[in-house]
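Number of protein chains: 2
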Amino acid sequence: MSPMYSDQEHIVSAYDRDLEAIQALVMRMGGLVEAAILDSARALETRDVELAEKVRAGDRTVDELEVQINEECARTIAIRGPVSQDLRVLLTVFRLSGSLERVGDYAKNMAKRTSVLVEMRPLPGADSALRRMAREVQLMLKDTLDAYVRRDAELAEDVRQRDHDVDQMYNAIFREFLTFMMEDPRNITGCMHLHFIAKNIERMGDLVTNMAEQVIYLVTAKMPDDSRPKGDETPYMRAEASDDKGE
Amino acid sequence: MSPMYSDQEHIVSAYDRDLEAIQALVMRMGGLVEAAILDSARALETRDVELAEKVRAGDRTVDELEVQINEECARTIAIRGPVSQDLRVLLTVFRLSGSLERVGDYAKNMAKRTSVLVEMRPLPGADSALRRMAREVQLMLKDTLDAYVRRDAELAEDVRQRDHDVDQMYNAIFREFLTFMMEDPRNITGCMHLHFIAKNIERMGDLVTNMAEQVIYLVTAKMPDDSRPKGDETPYMRAEASDDKGE
Chain A
1 MSPMYSDQEH
11 IVSAYDRDLE
21 AIQALVMRMG
31 GLVEAAILDS
41 ARALETRDVE
51 LAEKVRAGDR
61 TVDELEVQIN
71 EECARTIAIR
81 GPVSQDLRVL
91 LTVFRLSGSL
101 ERVGDYAKNM
111 AKRTSVLVEM
121 RPLPGADSAL
131 RRMAREVQLM
141 LKDTLDAYVR
151 RDAELAEDVR
161 QRDHDVDQMY
171 NAIFREFLTF
181 MMEDPRNITG
191 CMHLHFIAKN
201 IERMGDLVTN
211 MAEQVIYLVT
221 AKMPDDSRPK
231 GDETPYMRAE
241 ASDDKGE
Chain B
1 MSPMYSDQEH
11 IVSAYDRDLE
21 AIQALVMRMG
31 GLVEAAILDS
41 ARALETRDVE
51 LAEKVRAGDR
61 TVDELEVQIN
71 EECARTIAIR
81 GPVSQDLRVL
91 LTVFRLSGSL
101 ERVGDYAKNM
111 AKRTSVLVEM
121 RPLPGADSAL
131 RRMAREVQLM
141 LKDTLDAYVR
151 RDAELAEDVR
161 QRDHDVDQMY
171 NAIFREFLTF
181 MMEDPRNITG
191 CMHLHFIAKN
201 IERMGDLVTN
211 MAEQVIYLVT
221 AKMPDDSRPK
231 GDETPYMRAE
241 ASDDKGE
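Chains as they are written, first to last, in the UniProt record's numbering: chain A, 1 to 247; chain B, 1 to 247.
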């Protein structure tokens with residue numbers, strides 16, 4: 001009995017070491033993606049083409065980290081044969097890294113627009129609104145990773161709720177762009193660019209929310225069963241709709 | 001030597017049976033999500049509140065299938081201890097089911113709008129444009145699942161390319177809505193609803209593209225390294241931008 005027990009102990013600690021190494025990679029990846037979100041928003045606001053280029057180049061590292069994490073997850077599963085909770089942790093990490101990679105993609109996409117926006121005339125308030133939105137998503141991502149590390153379902157649930165704010169910000173920006181475009185058709189192209197950026201940020205928020213749900217699932221073993229708060233709900237509100245409904 | 005070999009054979013075939021059962025669940029889930037995409041678009045076009053309600057109710061089954069698939073994947077990994085390609089197949093299925101669930105969410109979201117749209121005046125051509133877009137995404141999803149089953153990286157790559165068409169459709173619809181809104185402000189609320197629907201469909205296309213990339217990764221063991229074709233690219237085109245740039 002005793003050798004088996006010590007064998008078991010050996011396996012557990014080897015798994016722990018592997019998991020720790022993988023988690024370190026995820027945290028590094030998360031840090032890079034957080035920075036990419038903030039940098040791409042800042043590049044946009046200050047029309048800093050050089051910083052935007054840095055974000056675009058940096059996405060390669062994020063992509064490489066995803067591949068590395070996936071391989072390490074597969075290797076650890078194959079070698080250590082984890083079961084139950086240990087296996088679920090690895091499967092969660094595997095999904096989180098996929099979402100992180102996509103958030104990074106959207107940040108890169110946002111950065112790519114900076115070089116076009118330098119040629120457009122600025123719209124009052126639009127850039128700072130987008131930066132605030134990006135900042136909120138970055139904080140959500142930070143908290144999601146913290147929630148993962150601390151196995152804190154409450155914090156993850158908090159993130160999930162905050163996605164609603166991001167969606168509200170998106171809706172507010174969308175309405176503002178509409179006004180700009182109707183005021184002066186020369187604003188249309190610029191607004192469309194900025195709208196695509198807002199859409200990118202909203203989508204990042206969506207991905208981060210999904211990550212938070214994965215964390216909740218990991219900690220509580222069940223998915224939040226009320227459907228996720230969707231900012232797209234706003235337009236369901238009849239009060240809002242009734243403004244323009246007098247046809 | 002011979003007993004070990006037969007033991008190995010036994011393990012392999014048990015794994016195959018498990019995998020087959022999981023794949024059957026994925027295909028069922030895929031079929032339900034395909035139907036949800038088409039039904040929600042049709043409900044929208046024909047203002048069929050009852051059909052929309054059916055889509056919303058049906059999403060519960062999709063969610064349950066995801067949970068079931070995840071559990072079966074984890075169970076199979078834990079019990080069969082698959083390695084290398086077998087393990088990669090299961091990890092791919094695990095990710096595909098997550099994306100499928102989210103596509104289903106967007107279809108449900110789309111269906112939810114039908115009840116609001118019945119109160120709006122219709123915009124010429126908008127509903128059929130959205131239906132065509134939804135139809136394209138449904139076909140992409142069908143081909144992605146076929147590509148998975150047949151391990152056909154070429155077909156998956158074809159899906160990936162077609163996401164560009166969906167994004168182009170989105171951009172065309174977006175521009176059309178802009179025109180409607182500028183022509184008559186009473187169109188604004190209706191257009192905003194329809195725009196959210198177009199955005200949902202585009203996002204489904206995005207998720208399906210991501211699924212296609214997972215299939216490519218499974219078959220070829222590497223991610224397509226040129227970044228995914230993004231319809232958001234359209235506005236990068238200077239020719240298009242130059243129209244309104246004379247400020």
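Note that the Cβ used here is the ideal one computed from N, Cα and C, for glycine as well.
This structure is a prediction, so every number in the text was calculated from the model and none was measured.
Query raised in the report: Rounded to the nearest angstrom, how far is the Cβ of A212(A) from that of V159(A), given a contact under 8 Å?
Result: If you number the first sequence from 1, residue 212(A) lands on position 212. If you number the first sequence from 1, residue 159(A) lands on position 159. Rounded to the nearest angstrom, the Cβ distance from A212(A) to V159(A) is 4 Å, consistent with a contact under 8 Å.
Requested in this report: With distances taken Cα to Cα, identify the nearest neighbour of V83(B) among R75(A), S84(A) and L87(A).
Outcome: For the purposes of this step, residue 83(B) is taken as the residue at position 83 of the second sequence. Per the Cα distances, R75(A).
Query raised in the report: Can you list, in chain order, the stretches of the alpha helix (DSSP H) that have 4 or more residues and sit fully within the segment 55-135 of chain B?
Result: Considered as a whole, the segment 55-135 of chain B harbours 84-117 as its complete alpha helix (DSSP H) runs of no fewer than 4 residues, in chain order.
**Report entry** Pair within 8 Å by beta-carbon distance, M61(B) and Q214(B)
**Finding:** Reading the second sequence from its first residue, position 61 is the one you call residue 61(B). Reading the second sequence from its first residue, position 214 is the one you call residue 214(B). Residue identity differs from the one stated: residue 61(B) is Thr in this sequence, not Met. In this structure, Q214(B) does not lie closer than 8 Å to T61(B) by Cβ.
**Report entry** Length of the line joining the Cα atoms of M27(A) and L145(A)
**Finding:** To locate residue 27(A), count along the first sequence from 1; it is residue 27. To locate residue 145(A), count along the first sequence from 1; it is residue 145. Whole-angstrom Cα-Cα distance: 7 Å.
Requested in this report: Please name the residue in A78(A), F180(A) and R47(A) whose C-alpha comes closest to that of D18(A).
Outcome: Taking the first residue of the first sequence as position 1, residue 18(A) is located at position 18. Ranking the options by Cα distance to D18(A), first place goes to A78(A).
**Report entry** CB contact below 8 Å: M181(A) versus chain B
**Finding:** For the purposes of this step, residue 181(A) is taken as the residue at position 181 of the first sequence. Interface residue, yes.
Query raised in the report: Is the CB-CB distance between V33(A) and L207(A) below 8 Å?
Result: In the first sequence, residue 33(A) corresponds to position 33, counting from 1. In the first sequence, residue 207(A) corresponds to position 207, counting from 1. No.
Report task. Taking V137(A) as the reference, give the member of Y148(A), D165(A), D127(A) and K112(A) with the closest Cα. Result -> Sequence index remark: in the first sequence, residue 137(A) carries index 137 (1-based). Looking at the Cα atoms, D165(A) is the closest of the given residues.
Report task. List the residues of chain A that I77(B) touches, going by C-beta distances under 7 Å, in chain order. Result -> Within the second sequence, numbered from 1, the residue matching residue 77(B) stands at position 77. Proximity of chain A to I77(B) at the Cβ level (cut-off 7 Å) is accounted for by I77 and L87, in chain order.
**Report entry** Within-8 Å CB hit, M169(B) to chain A
**Finding:** For the purposes of this step, residue 169(B) is taken as the residue at position 169 of the second sequence. Answer no: the Cβ-Cβ gap between M169(B) and chain A never drops below 8 Å.
Query raised in the report: Taking the C-alpha atoms as reference points, what is the distance between F174(A) and N200(B)?
Result: Your numbering for residue 174(A) matches position 174 in the first sequence. Your numbering for residue 200(B) matches position 200 in the second sequence. Straight-line Cα distance between these residues: approximately 16 Å.
Report task. Give every residue of the same chain whose Cβ lies closer than 8 Å to the Cβ of E45(A), excluding the five residues on either side of it in the sequence, and list them in chain order. Result -> Your numbering for residue 45(A) matches position 45 in the first sequence. Within the same chain, and ignoring the five residues on either side of E45(A) in sequence, the residues whose Cβ sits closer than 8 Å to its Cβ are D127, S128, L130 and R131.
Query raised in the report: Considering only residues of the same chain and omitting the five flanking positions on each side of P235(B), which have a CB-CB separation below 6 Å?
Result: Translated into positions along the second sequence, residue 235(B) becomes position 235. With a pLDDT of 39 at P235(B), under the threshold of 50, the modelled position of that residue is not reliable, and no figure is offered here.
Requested in this report: At 7 Å on the CB atoms, spell out the chain A contacts of A74(B), in chain order.
Outcome: Here the question's residue 74(B) lines up with position 74 in the second sequence. Within chain A, the residues placing a beta-carbon under 7 Å from that of A74(B) are L87, R88 and L91, ordered along the chain.
Query - Rounded separation between D86(A) and P224(B) - CA only - result: To locate residue 86(A), count along the first sequence from 1; it is residue 86. To locate residue 224(B), count along the second sequence from 1; it is residue 224. Per the coordinates, the alpha-carbon of D86(A) lies some 31 Å from the alpha-carbon of P224(B).
Query raised in the report: What in chain B is Cβ-close to I133(A), meaning under 9 Å?
Result: The residue you call residue 133(A) lines up with position 133 of the first sequence. Sequence check: residue 133(A) is Met here, not Ile. Below the 9 Å Cβ cutoff, chain B contributes no neighbours of M133(A), its closest Cβ being approximately 16 Å away.
Report task. List the residues of chain A that G30(B) touches, going by C-beta distances under 7 Å, in chain order. Result -> Your numbering for residue 30(B) matches position 30 in the second sequence. Within 7 Å Cβ-Cβ: nothing; G30(B) doesn't reach chain A, min ~19 Å.
Query - Identity of the residue in R151(B), S115(B), L25(B) and E66(B) nearest K54(B) by Cα - result: In the second sequence, counting from the first residue as 1, residue 54(B) sits at position 54. Comparing alpha-carbon positions, the option among R151(B), S115(B), L25(B) and E66(B) lying closest to K54(B) turns out to be S115(B).
**Report entry** Limits of the alpha helix (DSSP H) - the one that residue 260(B) falls within
**Finding:** Past the edges of chain B, shown from 1 to 247, lies residue 260(B), and the structure says nothing about it.
Query raised in the report: If residue 254(A) sits next to D59(A), beta carbons under 8 Å apart, how far is it from one beta carbon to the other, in whole angstroms?
Result: The requested residue 254(A) is not part of the displayed model; chain A covers only 1 to 247.
**Report entry** Closest by C-alpha distance to H193(A), when choosing among R42(A), R88(A), R121(A) and D48(A)
**Finding:** The residue you call residue 193(A) lines up with position 193 of the first sequence. Distance check between H193(A) and each of R42(A), R88(A), R121(A) and D48(A) places R121(A) closest, using alpha-carbon atoms only.
Requested in this report: Determine the contact status of V49(B) and V118(B), defining contact as a CB-CB distance below 8 Å.
Outcome: The residue labelled residue 49(B) in the question sits at position 49 within the second sequence. The residue labelled residue 118(B) in the question sits at position 118 within the second sequence. Yes, the Cβ-Cβ distance between V49(B) and V118(B) is below 8 Å.
Query raised in the report: Could you check where the alpha helix (DSSP H) with M182(A) kicks off and where it finishes?
Result: Your numbering for residue 182(A) matches position 182 in the first sequence. The continuous alpha helix (DSSP H) containing M182(A) extends over residues A153 to E183.
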